[in-house]
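Below you'll find the structure, written out as structure tokens, and then a few comments.
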């Protein structure tokens, strides 16, 4: 019998649109995770009546073992057996969920600082669980359990707990996406930032003809070298320096749970998630003519251009993995990409994987016989502002004011406000968790980018 606790935290703070995330132990702790395990167990038993087993894993954060144990107890109280995969990357838990046809739970706070932890959940087949697809229900059950344990009774026969090691099977799955016979010897530097890449990257690269060097490969959830957030260019400094020092052909920068990867070319220049998406889409469409490819709405215009040039069908999506995965299932899309360096593959249970993306880029680089910068050159058609965050009093009011200002220009409201002036465009959307507006703008060159950013910011400032 699992006991409830009046100490369950404020779930409205930590339950986000796509996952659960907060600081440990003041926002997320064992009691809260036990209640969430109960909620998850009850939800799984309702929507997947035949399911008897779930997989659970964690990243290298020190709070992980305690939180996993508590969550597992909650899920077991609902009659589910728990298979503990131990330390894993998020894409490994997706692989487990897809290949074993069982729900998966990953304890990670991804790129967030050391004081955070969180939970990503999926149903069997790596089907995402977001706010509108189960997370709200899980939260409600957890709250009921925390306030009154008797309101969510345990089953007569609680589930058992066992362990499994899927690392080798996952590594083989990653390698299955490429023709290993066509690879050439390349010098690869991978910065895993003391995150889970330190475990999964060496396993995936085993037996391949690459000279692999790993920076900060020790698993350490305190992140002693730099934050595991490669979208911030300052966190690429060590990787860029090492690429130049060693004459490497490519640099790979993984985030904390290793489901995202950013590239650095042989000149140590960072490669945007949009360019990587375009490169992968171009390669995938050669083997899948006419297939659908999804991109989120802050990706560069080069992505839909490349998809159309490759004979593919373009589908534009909101930002966020749950939206993209749902559309992939509906449209049988072969691939999806986000500017934030999430890359989704139909043959990976429609889940994202930084490792699969890395392998496919290395395959394309091997085939080209040249440099990464040369391979990407035809795709460098536009310049971008990067994501600019502005703190505002009322995000809705600012967006409406900007929309009125640009009422004469083509626009849509798929996710925030997107204004397309032809030669340049921007998207302005609110943060899910903070009083911030996020501006992404693209134009033909940097001079135009700077002019247009200043213009849009001036319009925003009229509201304050």
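In this note's numbering, the protein residues as written are 104 to 567. The beta-carbon is built from N, C-alpha and C at its ideal position, and this holds for glycine as well. Since the model is a prediction, treat every value here as computed from it, not as a measurement.
{"Asked": "Counting only runs of 3+ residues fully inside the stretch 437-482, write out the beta strand (DSSP E) ranges in chain order.", "Found": "438-440 and 446-448"}
{"Asked": "When you compare the CB positions of residue 375 and residue 442, do they come within less than 8 Å of one another, or not?", "Found": "yes"}
{"Asked": "State the start and end residues of the unbroken alpha helix (DSSP H) segment that holds residue 386.", "Found": "376-390"}
{"Asked": "Could you tell me whether the stretch 552-564 touches the stretch 535-544, using the rule of 3 or more Cβ pairs below 8 Å?", "Found": "yes"}
{"Asked": "Per DSSP, what kind of secondary structure is residue 121 in: helix, strand or coil?", "Found": "coil"}
{"Asked": "Taking residue 197 as part of the beta strand (DSSP E), name the residues at either end of that continuous run.", "Found": "Looking at the DSSP string, residue 197 is not in any beta strand (DSSP E); the run it does join, the alpha helix (DSSP H), is 193-203."}
{"Asked": "Can you give the Cα-Cα distance for residue 171 and residue 350, rounded to whole angstroms?", "Found": "42 Å"}
{"Asked": "Pick from 559, 214, 205 and 486: whose alpha carbon is nearest that of residue 325?", "Found": "214"}
{"Asked": "Is the CB-CB distance between residue 406 and residue 437 below 8 Å?", "Found": "no"}
{"Asked": "Distance, Cα to Cα, residue 138 vs residue 217?", "Found": "23 Å"}
{"Asked": "Cβ atoms of residue 492 and residue 458: under 8 Å apart, would you say?", "Found": "no"}
{"Asked": "Sorted by chain position, which residues of the same chain lie with C-beta nearer than 6 Å to residue 123's C-beta, five sequence neighbours on each side aside?", "Found": "117, 221 and 222"}
{"Asked": "Among 194, 377, 281 and 304, which one has its Cα closest to the Cα of residue 487?", "Found": "377"}
{"Asked": "Could you tell me the distance, in whole angstroms, from the CA atom of residue 316 to the CA atom of residue 280?", "Found": "22 Å"}
{"Asked": "Which residue spans inside the stretch 277-341 form an unbroken beta strand (DSSP E) run of at least 3?", "Found": "289-294 and 313-318"}
{"Asked": "Find the nearest neighbour of residue 561 within the set 424, 508, 291 and 451, judged by alpha-carbon distance.", "Found": "508"}
{"Asked": "Under a Cβ-count criterion, where at least 16 other Cβ atoms within 10 Å of its own Cβ denotes burial, should residue 283 be classed as buried or exposed?", "Found": "exposed"}
{"Asked": "Could you have a look at residue 512 and say whether DSSP puts it in helix, strand or coil?", "Found": "coil"}
{"Asked": "Taking the beta strand (DSSP E) that residue 523 falls in, what are its first and last residues?", "Found": "520-523"}
{"Asked": "Taking all protein chains shown into account, do 16 or more other C-beta atoms lie within 10 angstroms of the C-beta of residue 603, making it buried, or fewer, making it exposed?", "Found": "There is no way to answer for residue 603, as the model of the chain reaches only from 104 to 567."}
{"Asked": "Under the three-state reduction of DSSP, which class applies to residue 161: helix, strand or coil?", "Found": "strand"}
{"Asked": "Please return the same chain residues whose Cβ sits closer than 7 Å to the Cβ of residue 455, not counting the five positions on each side in sequence.", "Found": "194, 362, 424, 445, 446 and 447"}
{"Asked": "Going along the chain, which residues of its own chain have a beta-carbon closer than 7 Å to the beta-carbon of residue 347, five neighbours each way excluded?", "Found": "371"}
{"Asked": "Using only alpha-carbon positions, find the residue among 205, 187, 480 and 133 that is nearest to residue 173.", "Found": "133"}
{"Asked": "On the three-state DSSP scale, how would you describe residue 225?", "Found": "strand"}
{"Asked": "Name the residue from 312, 364 and 345 whose alpha carbon lies nearest to the alpha carbon of residue 331.", "Found": "364"}
{"Asked": "Can you tell me whether residue 366 is helix, strand or coil according to DSSP?", "Found": "strand"}
{"Asked": "Quick one: is residue 505 buried, meaning 16 or more other Cβ sit within 10 Å of its Cβ, or exposed?", "Found": "buried"}
{"Asked": "Going by Cα to Cα distance, which pick from 426, 301 and 476 is closest to residue 121?", "Found": "426"}
{"Asked": "For residue 311, tell me which candidate among 278, 295, 484 and 343 has the shortest Cα-Cα distance.", "Found": "278"}
{"Asked": "If you scan the stretch 247-282 from start to end, which runs of the alpha helix (DSSP H) of 4 or more residues do you find wholly inside it?", "Found": "270-278"}
{"Asked": "Look at the Cβ atom of residue 262, then the Cβ atom of residue 178, and state whether they are nearer than 8 Å.", "Found": "yes"}
{"Asked": "Compute the beta-carbon to beta-carbon distance between residue 156 and residue 184, rounded to the nearest angstrom, for a pair I have assumed lies under 8 Å.", "Found": "4 Å"}
{"Asked": "When burial is assigned at 16 or more other CB atoms within 10 Å of the CB, is residue 563 buried or exposed?", "Found": "buried"}
{"Asked": "Pick helix, strand or coil for residue 420, following the three-state DSSP scheme.", "Found": "strand"}
{"Asked": "Given this structure, state the Cα-to-Cα distance separating residue 166 from residue 191, to the nearest angstrom.", "Found": "15 Å"}
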